[in-house]
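Written out below as structure tokens is the structure these notes cover.
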Amino acid sequence: MSESYEEKAARLDAADELAKYREKFALDAGTVYLDGNSLGALPAHVPARMADVITREWGELRIRSWDESGWWTAPERIGDRIAPIVGAAPGQIVVGDSTSVNVFKAVVAAARINGDDRDEILVDATTFPTDGYIAQSAARMTGHEIVACDPADMADAVSDRTALALVNHVDYRTGRLQDLPGLTAALHAAGALAVWDLCHSAGALPVGLDAHGVDLAVGCTYKYLNGGPGSPAYLYVAERHQAAFDSPLPGWNSHTDPFAMTPGYEAAAGAVRGRVGTPDILSMLALEAALDVWDGVAIEDIRAKSLALTDFFLECVRAYVPAGRVVSVTPDAHGERGSQAALSCENAPAVMAELIKRGVVGDLRRPDVLRFGFTPLYVGFADAEKAARVLAEVLADLPA
Numbered sequence: 106m107s108e109s110y111e112e113k114a115a116r117l118d119a120a121d122e123l124a125k126y127r128e129k130f131a132l133d134a135g136t137v138y139l140d141g142n143s144l145g146a147l148p149a150h151v152p153a154r155m156a157d158v159i160t161r162e163w164g165e166l167r168i169r170s171w172d173e174s175g176w177w178t179a180p181e182r183i184g185d186r187i188a189p190i191v192g193a194a195p196g197q198i199v200v201g202d203s204t205s206v207n208v209f210k211a212v213v214a215a216a217r218i219n220g221d222d223r224d225e226i227l228v229d230a231t232t233f234p235t236d237g238y239i240a241q242s243a244a245r246m247t248g249h250e251i252v253a254c255d256p257a258d259m260a261d262a263v264s265d266r267t268a269l270a271l272v273n274h275v276d277y278r279t280g281r282l283q284d285l286p287g288l289t290a291a292l293h294a295a296g297a298l299a300v301w302d303l304c305h306s307a308g309a310l311p312v313g314l315d316a317h318g319v320d321l322a323v324g325c326t327y328k329y330l331n332g333g334p335g336s337p338a339y340l341y342v343a344e345r346h347q348a349a350f351d352s353p354l355p356g357w358n359s360h361t362d363p364f365a366m367t368p369g370y371e372a373a374a375g376a377v378r379g380r381v382g383t384p385d386i387l388s389m390l391a392l393e394a395a396l397d398v399w400d401g402v403a404i405e406d407i408r409a410k411s412l413a414l415t416d417f418f419l420e421c422v423r424a425y426v427p428a429g430r431v432v433s434v435t436p437d438a439h440g441e442r443g444s445q446a447a448l449s450c451e452n453a454p455a456v457m458a459e460l461i462k463r464g465v466v467g468d469l470r471r472p473d474v475l476r477f478g479f480t481p482l483y484v485g486f487a488d489a490e491k492a493a494r495v496l497a498e499v500l501a502d503l504p505a
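Take the sequence shown: its position 90, counting from 1, is numbered 195 in the numbering used here, and each next residue is one higher.
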């Protein structure tokens, strides 16, 4: 008798070296949570840490905590916690502000680094909308022209006019993984800089910022890094560019002597140049605590499980769902896939709403994409099998 998909899931879960990390998260047994690519689950120890931050560090120590509790150095300290997850050496990542603000800093700074003889900024035409909005504003500010193109065509589109390219590492709709090493090399060969948005890749797969010579990068922390809703983003500035990094937002926190309160601005050395104003300490320290779940975890193991999970989910979908009801828009090739499975489906809003009612939480990208994110630290193979099975049941109950 052949093995059922439920039996296969149980066997795969039993052999999973990362399965033990699930207990580190606050998850209810009745829900399959496949929306960690929008908001990661809560690490179970974070509430106790935040209670201490609020009652002792803020409530008792008050302003003394800027020094005694290490609040002032949190942006760089937490940046160094994120660094190994994205393949960066210490001293190149600063945490703070939103992804949008950091995109603005990175694009303007890259344009300034590359001088006045290049008048073009390439932008990923499939990018998350806010990246495009910010890039357009940055281009107006710096006198550049925006050229939007598909990442697959960007290596051919780059020219001696190109100052930089802003690209999403993983497409937020389809889960397509772009060729960061190859595209970065192509940009450099033409004298352009590479600015990468890592929101949908950091914590889900190896990035290799230093190894592949990325110039600047940004990313959020509330998806696969589980930092919490609205947790601060981060900015990576390769060490070789830090001396030339000219932030368009030179706040007092990035001054070489912030408490001198001098009227003239002099930028601090290193990644500190990426700071702007007073850090959001509560969110910052929740993120720092959340990153504890990464202790002892190799990003290569995360990637291996991610691919196995998405493979198994798509296999179950093909087995359970009648042909033609859904179409995968996520690439089959492992080298082209992030950590999500996106399915095109008629009546997708109603389908996702019903899935959520039945305990399978994914999300929707209008008009017709069902999006399922697989976070290997807490999603298992039984979750993948159940999600596919419930999807088939929902489609059977809804008209084609």
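The beta-carbon is built from N, C-alpha and C at its ideal position, and this holds for glycine as well.
{"Item": "Skipping 5 residues on each side, what residues in its chain have a beta carbon closer than 6 Å to that of serine 336?", "Value": "Thr326, Tyr327, Ser388 and Leu392"}
{"Item": "Roughly how many angstroms separate the alpha carbons of arginine 167 and arginine 186, rounded to a whole number?", "Value": "25 Å"}
{"Item": "Alpha carbon to alpha carbon, how far is histidine 439 from glycine 375?", "Value": "36 Å"}
{"Item": "Which whole-angstrom value describes the C-beta separation of valine 323 and alanine 338, a residue pair presumed to lie in contact below a C-beta threshold of 8 Å?", "Value": "6 Å"}
{"Item": "Flag this pair as yes or no: are the beta carbons of asparagine 219 and alanine 268 separated by less than 8 Å?", "Value": "yes"}
{"Item": "At a threshold of 7 Å, does proline 189 count as lining the ligand ZN (C-beta to nearest heavy atom)?", "Value": "This structure lacks the ligand ZN, and indeed carries no ligand of any kind."}
{"Item": "When the Cα atoms are used, what is the spatial distance from glycine 184 to valine 381?", "Value": "15 Å"}
{"Item": "Counting only runs that start and end within the stretch 208 to 268, where is the alpha helix (DSSP H) found for 4 or more residues in a row?", "Value": "234 to 247 and 256 to 262"}
{"Item": "Between valine 272 and arginine 281, is the Cβ-Cβ spacing less than 8 Å?", "Value": "no"}
{"Item": "How is arginine 281 classed by DSSP in three states: helix, strand or coil?", "Value": "strand"}
{"Item": "Of all the alpha helix (DSSP H) runs that stay within the bounds of the stretch 160 to 194, which reach a length of 4 or more residues?", "Value": "170 to 173 and 179 to 187"}
{"Item": "Got a sec? Which residues, its chain only, sit under 6 Å from aspartate 284 by beta carbon, not counting five neighbours each side?", "Value": "none"}
{"Item": "Flag this pair as yes or no: are the beta carbons of threonine 232 and cysteine 304 separated by less than 8 Å?", "Value": "no"}
{"Item": "Measuring straight from C-alpha to C-alpha, what distance separates threonine 136 and tyrosine 277?", "Value": "23 Å"}
{"Item": "List the endpoints of the continuous beta strand (DSSP E) containing phenylalanine 477.", "Value": "474 to 478"}
{"Item": "Who does valine 199 pair with in a DSSP beta bridge?", "Value": "Leu340"}
{"Item": "In the DSSP output, what is arginine 345 paired with across the bridge?", "Value": "Answer is none; arginine 345 lacks a bridge partner."}
{"Item": "Pairing CB atoms from the stretch 232 to 243 with CB atoms from the stretch 196 to 215, are three or more of them under 8 Å?", "Value": "yes"}
{"Item": "Alpha carbon to alpha carbon, how far is glycine 201 from leucine 340?", "Value": "8 Å"}
{"Item": "To which residues of the same chain is alanine 489 closer than 6 Å at the C-beta, ignoring the five residues directly before and after it?", "Value": "Leu414, Phe417 and Phe418"}
{"Item": "Helix or strand or just coil, what does DSSP make of leucine 496?", "Value": "helix"}
{"Item": "How about the stretch 222 to 229 and the stretch 243 to 258: do they share at least three Cβ pairs that are nearer than 8 Å?", "Value": "yes"}
{"Item": "List, from N- to C-terminal side, the alpha helix (DSSP H) runs of 4 residues or more that fit wholly inside the stretch 121 to 161.", "Value": "151 to 157"}
{"Item": "Check whether the Cβ atoms of threonine 361 and alanine 349 lie closer than 8 Å to each other.", "Value": "no"}
{"Item": "Considering only DSSP beta bridges, list what alanine 270 is partnered with.", "Value": "Leu227 and Ala299"}
{"Item": "Tell me the DSSP bridge mates of cysteine 450?", "Value": "Val431"}
{"Item": "Identify which residue in Gly308, Glu128, Ala487 and Leu144 has its Cα closest to the Cα of arginine 116.", "Value": "Ala487"}
{"Item": "Just the Cα atoms here: how many angstroms apart are alanine 409 and glycine 429?", "Value": "29 Å"}
{"Item": "Should phenylalanine 364 be labelled buried (16 or more other beta-carbon atoms within 10 Å of its own) or exposed?", "Value": "exposed"}
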